[in-house]
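Residue numbers (our numbering): 1 to 357. In this text, a Cβ means the ideal position worked out from N, Cα and C, and glycines have one as well.
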Ligand code: NAD
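Shown next as C-alpha cells:
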C-alpha cells in the first residue's frame, strides 16, 4: 500500500475502521465507518475474494464513503458505513462465521448497522441477527423487509427514466436499447422493469447460471459477449456488476448517450472520469444517487416499515436526478460533483443544526 491506512482515512474523511478476526470461523472482516453526522452508519456487508488485504481495505473505505453521500442525498438520517469480509463466498460461509461477525457488529453498539451486499443474502442476515439487533434486511418472516434489490432496481429504473427525459425529452424507455451488465439480484429486477416498459434489453454476465435464469424469465432479451459491449450501438449502459467500469479505456469506446446503473463506484476516478463524460456528452447518473433504493428500503426498517412509503421515497430519485443534471449543466460541473455538492451541503447544514440546543 502506497499510503498508510490513516493517510487514506484522513484523505477520505473516515471516522473509524474496525478490523475483525476470528480464526475458528475463518472470519477476516473490515468495517468502515465514514461519517455519522446524520445518524448511525448503515451499509451492507460485502463478501469478496480480494487479491490482497490492501484491496479489501480500499474497498471498505471507498464503499463506506459512498454510503455517506447516498444517505445524505436521499434525505435519510443515516451515516455512511460498509463492511467487507475477505474470502471465497462458495467456501467460507457458515453459521459460525455470520454469528461471530454479528458479535463484532454488536460490539459497536449501533454506530454501524449492517445489511446485505454482494455475495450476502437475507439468510446470512438472519444468522447475524442472532447476535445483534444492528442488522437490517433480515427475511420478511422475521419481521424484516427482506431482499432490498427490488427497490434498488426500481430506483435505478426511475433514475434512468429521468436521464432519458434529459437526453431525449421524454422519459419513455420504449424502444430504447439498454445494456444491463450483470444480471444478479438487482440486474434481473431491472431487466423486468425495462422489458415491461418496452425497451430492447441486452444482457451480459460472467455467470452462465445468471444468464440462464434471466433468459428463461424474459424471452425478448438478447445475450451479448461481455468483451464486445463497446462495439454495440446502445442508448443506455446500465452497469449492475462491480465498480470502476467507467474508466479511460471504456469511455474512449462508449457510444451510448446515457449511463445509469446500480453498481457502486462506477467511475474509476471521479475527478478524471466525471469531466471526461461531460466532454463526451454522456449523461451519467451518479451511482450513489441512483442506487439508493435499497438503502431507503432497509433504512425504513429502523422507523416502522411501510412498503408504500418506501416506494414513494424511492420514486423521488426521479426528481433528484433531474435536479442534479440541471445543477451540473448550470454550474458546468460533472454530475458526480453536482451530487456531492448537494450531499455535502446537507451534511454541513445538519451538523450545524445538531450542534445547537
Ligand atoms: P449480485 O452479486 O447479485 O450480482 C452481480 C452480478 O454481476 C452477478 O450475476 C455476477 O455474475 C455479475 N458480474 C460480476 N462481474 C461481472 C463482469 N465483469 N461482467 C458481467 N457481469 C459480472 O449483486 P447485486 O446485489 O445485484 O448488486 C449489483 C451491484 O449493485 C453491486 O455493485 C452492488 O454493490 C450494487 N448495489 C446493490 C444493491 C442491492 O440492493 N443489492 C444496492 C446498491 C448497490
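Cβ atoms of residue 337 and residue 260: under 7 Å apart, would you say?
-> no
Roughly how many angstroms lie between the CA atoms of residue 229 and residue 196, to the nearest whole one?
-> 23 Å
Which residue or residues does DSSP assign as beta-bridge partners of residue 179?
-> 202 and 237
With a CB to CB cut of under 7 Å and the five nearest residues on each side skipped, what residues in its chain are close to residue 215?
-> 221 and 223
Residue of 349, 277 and 204 minimising C-alpha distance to residue 181 = Of the listed residues, the one whose Cα sits closest to residue 181 is 204.
At which residues does the alpha helix (DSSP H) containing residue 191 begin and terminate?
-> Secondary structure note for residue 191: its alpha helix (DSSP H) is the uninterrupted segment 185-197.
DSSP state of residue 222, grouped into three classes?
-> strand
By Cβ distance, which residues of its chain are closer than 7 Å to residue 89, with the 5 residues on each side in sequence left out?
-> 47 and 119
List in chain order: all unbroken beta strand (DSSP E) runs of 3+ residues lying wholly within the stretch 122-184.
-> 177-181
Continuous alpha helix (DSSP H) assignments of at least 4 residues falling wholly in the stretch 266-317 = 270-280, 287-290, 293-300 and 307-315
Under 8 Å by Cβ, that's how I've got residue 71 and residue 108 pegged, so tell me the actual separation to the nearest angstrom.
-> Contact doesn't hold; Cβ gap of about 17 Å is too wide.
Check whether the Cβ of residue 263 lies closer than 6 Å to any heavy atom of the ligand NAD, and answer yes or no.
-> yes
Taking residue 351 as the reference, which of 235, 35 and 160 has the closest Cα?
-> 35
Which whole-angstrom value describes the C-beta separation of residue 298 and residue 240, a residue pair presumed to lie in contact below a C-beta threshold of 8 Å?
-> Not confirmed; about 18 Å, so no contact.
Rounded Cβ spacing between residue 60 and residue 112 (contact assumed at less than 8 Å) = With a Cβ gap of about 11 Å, residue 60 and residue 112 do not count as contacting.
beta-carbon residue 184 near the ligand ATP non-hydrogen atom, thresh 6 Å | As for the ligand ATP, it is missing from this structure, which binds only the ligand NAD.
Rank 8, 198 and 23 by C-alpha distance to the C-alpha of residue 366 and give the top, closest one.
-> Since the first and last residues shown for the chain are 1 and 357, residue 366 lies out of range.
Are the beta-carbon atoms belonging to residue 236 and residue 201 less than 7 Å from one another?
-> no
Pair within 7 Å by beta-carbon distance, residue 63 and residue 82 | Taking C-beta atoms as the reference points, residue 63 and residue 82 count as a pair closer than 7 Å.
Give the DSSP bridge partners of residue 20, in chain order.
-> 29
Give the secondary structure of residue 50 by DSSP, where H, G and I count as helix, E and B as strand, and everything else as coil.
-> coil
The ligand NAD heavy atom lying under 6 Å from the CB of residue 290 = no
If you drop the 5 nearest sequence neighbours on each side, which residues of the same chain put their C-beta closer than 8 Å to that of residue 11?
-> 3
On the three-state DSSP scale, how would you describe residue 246?
-> DSSP places residue 246 in strand when its eight states are reduced to three.
Measuring from the CB of residue 253, is there a heavy atom of the ligand NAD at a distance below 6 Å?
-> Between the ligand NAD and the CB of residue 253, the shortest heavy atom gap is not smaller than 6 Å.
May I ask which residues mark the beginning and end of the beta strand (DSSP E) holding residue 83?
-> 79-86
Cβ of residue 181 versus every heavy atom of the ligand NAD: is any distance shorter than 6 Å?
-> yes
From which residue to which residue does the alpha helix (DSSP H) around residue 97 run?
-> 95-107
Between the stretch 277-292 and the stretch 308-326, are three or more C-beta pairs nearer than 8 Å?
-> yes
Can you give the Cα-Cα distance for residue 29 and residue 136, rounded to whole angstroms?
-> 18 Å
When you compare only the Cα positions, how much space is there between residue 153 and residue 173?
-> 15 Å
Between residue 274 and residue 123, what straight-line distance do the alpha-carbon atoms span, to the nearest angstrom?
-> 37 Å
For the candidate residues 132, 99, 147 and 116, whose alpha-carbon lies nearest to that of residue 110?
-> 132
Within the present structure, is the beta-carbon of residue 206 separated from the nearest heavy atom of the ligand NAD by less than 6 Å?
-> yes
Exposed or buried, residue 294, counting other C-beta atoms within 10 Å across all chains shown (16 or more means buried)?
-> buried
According to the Cβ coordinates, are residue 289 and residue 320 closer than 7 Å?
-> yes
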